[in-house]
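Numbering (this note's numbering), first residue to last: 1 to 480.
Glycine included, C-beta positions come from ideal geometry on N, C-alpha and C.
The model shown is predicted, which means the values in this text are computed figures rather than measured ones.
Working notes, structure below.
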Ligand code: PA5
């Protein structure tokens, strides 16, 4: 990426002692002390590149081409519906909120695009369902029912076993079969799953459905730049080439073992340092609505990757920071009282945009409104960024460490950089915390218990169901 291309950058001065004092700031000696362990962690992450195939997703043009082919084939639909959960949904949501207009689904004009051959096309609405709430899903099905023939469902599940996604699939499949018949199933279902394992792959194969592969070794929370996140993005007009180019540009910046030159290493090192100094809570607070769902994506990535019972050597550590999301300026009026005066147990990361896509200028303030004159004629972009600076200043006054990820502007390139930056930071942090970043054993028991409670056959599930019933029987003596 050329130097003039839009970039994100990390501003980290506001964690240093010169900004927030000796007690809570990082001193020059402490910073120097971080350099050795961080260099080792970055080198280990670089050396393990073959075992972490998410690192090469920006260069896997074959996935991008397959995605583009299917996106072209389903382009005429009116509704594109992603059924997935966790890493199979959060990236899709984040991409849509960041890169498509606020009223994309509601306003047909905002879904209009002109193609390279000067044709006007209307992109489909996007819905992502990452839950099994019967009221929410039922209401959606009532609405979409009459337009089922213009609706495509993308079922995304790496394992093909996840109960929530399986439930959605079974509901939708029946609806499609009942209303439209078996012959057109192919027109309405796209499956994104593992190349070999799980029930979805043979289902896709035998029903002759369109399908995409979740690359082997790429876990859900690291899969946004794979077909998992790319298909819905491409269908909804997001420039996936620019997204991947942004990620590739960040790849170049996160390889160096030199702490001060590597934004991912700085993020990992600073949070690791503070985790061991009574600041285990990591707040991400964007000052741009477009960036708000990146926080949900980050929250899963950081929590599921770094919250572990065991260290790499098998010892019990029960380690892991707690990621929290907030939204500026909204949460200034909800959380900042706690953030400033409550326990000094948090590290703050602001997301800031230098050049907003547009601005809204405030009108004059005269007569009874004369007191509001300080706002008159100013743009909301200036106000929002002033609020970010003001909040950060106020936090610094109370010795709270703050980082800022600055976006030149919000576009596919910078969002691609952001995804890759935090994925690399997570890998480096995992090394520093000395845990396995890529597994999620604790999620498993809940998944198995759900299977058991839903009556899945097999001795293991039956035994588990009995254990759950014994422990979870409601004791009326404790319900008040
Ligand atoms: O990051 C992860 O691995 C998880 O959040 C998964 O994405 C989530 O559990 C869904 O799994 P699957 O894609 O197998 O349905």
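Legend entry - Three-way DSSP call (helix, strand, coil) for residue 154 in this model: Under the three-state reduction of DSSP, residue 154 is assigned to strand.
Legend entry - Rounded C-alpha distance that separates residue 252 from residue 263: Answer to the nearest angstrom: the Cα atoms are 11 Å apart.
Inset, instruction - Taking only heavy atoms of the ligand PA5 into account, decide whether any of them is closer than 7 Å to the Cβ of residue 304. - result: In terms of side-chain proximity, the C-beta atom of residue 304 is found nearer than 7 Å to a non-hydrogen atom of the ligand PA5.
Inset, instruction - Would you kindly work out how many angstroms separate the C-alpha atoms of residue 250 and residue 121, rounded to a whole number? - result: So the alpha carbons of these two residues sit roughly 33 Å apart.
Inset, instruction - Could you tell me if the beta carbon of residue 388 falls within a distance shorter than 7 Å of some heavy atom in the ligand PA5? - result: No, Cβ of residue 388 sits at least 7 Å from all heavy atoms of the ligand PA5.
Inset, instruction - Report whether the distance from the Cβ of residue 229 to the nearest heavy atom of the ligand PA5 is below 7 Å. - result: Shortest gap from the CB of residue 229 to any heavy atom of the ligand PA5: 7 Å or more.
Inset, instruction - Ignore the nearest five residues each way along the sequence and tell me which others in residue 207's own chain have a CB closer than 8 Å to its CB. - result: Closer than 8 Å at Cβ, skipping near neighbours: 185, 186 and 189.
Inset, instruction - Flag this pair as touching only if the stretch 413 to 431 and the stretch 266 to 275 have three or more C-beta atom pairs under 8 Å; answer yes or no. - result: They touch, by the three-pair rule.
Legend entry - Option nearest residue 218 by Cα separation, candidates 195, 210, 280 and 231: The residue with the shortest Cα to Cα distance from residue 218 is 195.
Inset, instruction - Determine the extent of the alpha helix (DSSP H) in which residue 107 is found, giving its start and end residues. - result: Counting along the chain, residue 107 falls outside any alpha helix (DSSP H), and DSSP gives it neither H nor E.
Inset, instruction - Flag this pair as yes or no: are the beta carbons of residue 91 and residue 297 separated by less than 8 Å? - result: Cβ atoms of residue 91 and residue 297: closer than 8 Å.
Legend entry - Alpha-carbon to alpha-carbon, residue 20 and residue 14: Rounded to whole angstroms, residue 14 to residue 20 spans 7 Å at the Cα level.
Inset, instruction - Name the residue from 222, 165, 175 and 224 whose alpha carbon lies nearest to the alpha carbon of residue 199. - result: That would be 165, whose Cα lies nearest to the Cα of residue 199.
Legend entry - Length at least 3, wholly inside the stretch 361 to 446: the beta strand (DSSP E) runs in chain order: For the stretch 361 to 446, whole beta strand (DSSP E) runs of length 3 or above, ordered along the chain, are 402 to 407.
Inset, instruction - Taking all protein chains shown into account, decide if residue 287 is buried (16 or more other Cβ within 10 angstroms of its Cβ) or exposed. - result: In summary, residue 287 is buried, with 16 or more beta-carbon neighbours lying within 10 Å of its beta-carbon over all protein chains present.
Legend entry - residue 85: CB within 7 Å of a non-hydrogen atom of the ligand PA5: Residue 85 Cβ: within cutoff of the ligand PA5.
Inset, instruction - Flag this pair as yes or no: are the beta carbons of residue 435 and residue 279 separated by less than 8 Å? - result: Pairing residue 435 with residue 279 gives a Cβ-Cβ distance that is not under 8 Å.
Inset, instruction - Give the secondary structure of residue 142 by DSSP, where H, G and I count as helix, E and B as strand, and everything else as coil. - result: Note: residue 142 maps to helix in three-state DSSP.
Legend entry - beta-carbon residue 325 near the ligand PA5 non-hydrogen atom, thresh 7 Å: Because no heavy atom of the ligand PA5 lies under 7 Å away, the Cβ of residue 325 does not count as near it: no.
Inset, instruction - Hey, could you find the ends of the alpha helix (DSSP H) residue 463 is sitting in? - result: Bounds of the alpha helix (DSSP H) holding residue 463 are 459 to 472.
Legend entry - For residue 451, the nearest candidate out of 343, 461 and 211 (CA to CA): Ranking the options by Cα distance to residue 451, first place goes to 461.
Inset, instruction - State the Cα-Cα distance for the pair residue 115 and residue 29, rounded to the nearest angstrom. - result: When rounded, the distance between both Cα atoms is 56 Å.
Inset, instruction - Tell me where the alpha helix (DSSP H) around residue 17 begins and ends. - result: First-last of the alpha helix (DSSP H) with residue 17: 17 to 24.
Inset, instruction - Give the straight-line distance between the Cα atoms of residue 448 and residue 274, rounded to the nearest whole angstrom. - result: Going from the Cα of residue 448 to the Cα of residue 274 covers about 35 Å.
Inset, instruction - Take residue 392 and list the residues in its own chain whose beta-carbon comes closer than 8 Å to its own, dropping the five residues that flank it on each side. - result: Cβ-Cβ distances below 8 Å link residue 392 to 14, 348, 350, 402 and 404 in the same chain, with the five nearest sequence neighbours on each side left out; the list follows chain order.
Legend entry - Counted within 10 angstroms of its Cβ, other Cβ atoms place residue 482 as buried (16 or more) or exposed: Not covered by the structure: residue 482. The range shown for the chain is 1 to 480.
Inset, instruction - Could you name the residues of the same chain whose beta carbon sits closer than 6 Å to that of residue 9, not counting the 5 residues immediately before and after it, in chain order? - result: Within its own chain, the residues whose Cβ lies closer than 6 Å to the Cβ of residue 9, once the five positions on either side in sequence are excluded, are 406, listed in chain order.
Legend entry - Presumed contact (8 Å Cβ cut-off) between residue 141 and residue 254, rounded CB distance: That pair is no contact at about 43 Å.
Legend entry - Beta-carbon proximity list for residue 93, same chain, < 8 Å, skipping 5 on both sides: Cβ within range, chain order: 128, 130, 293, 296 and 297.
Inset, instruction - Flag residue 201 as yes when its Cβ comes closer than 7 Å to any non-hydrogen atom of the ligand PA5, and as no otherwise. - result: Residue 201: no, Cβ never under 7 Å from the ligand PA5.
Legend entry - First and last residue of the uninterrupted alpha helix (DSSP H) at residue 253: Counting along the chain, the alpha helix (DSSP H) containing residue 253 begins and ends at 240 to 253.
Inset, instruction - Under 7 Å Cβ to Cβ from residue 529, same chain only, skipping five residues before and after it: list those, please. - result: One cannot answer for residue 529 here, as it falls past the ends of the chain, which runs 1 to 480.
Inset, instruction - Classify residue 308 as helix, strand or coil using the three-state DSSP reduction. - result: Residue state for residue 308 is assigned as strand, using DSSP reduced to three classes.
Inset, instruction - Return yes when the C-beta of residue 88 is under 7 Å from any heavy atom of the ligand PA5, and no when it is not. - result: For residue 88, the distance from the CB to the nearest heavy atom of the ligand PA5 is below 7 Å.
Legend entry - Close-in-space but distant-in-sequence residues of the same chain around residue 409 (CB under 8 Å, 5 per side omitted): Taken in chain order, the residues that qualify are 6, 353, 354, 355, 356 and 357.
Inset, instruction - Could you tell me whether any non-hydrogen atom of the ligand PA5 is closer than 7 Å to the CB of residue 128? - result: Residue 128 has its CB no nearer than 7 Å to any heavy atom of the ligand PA5.
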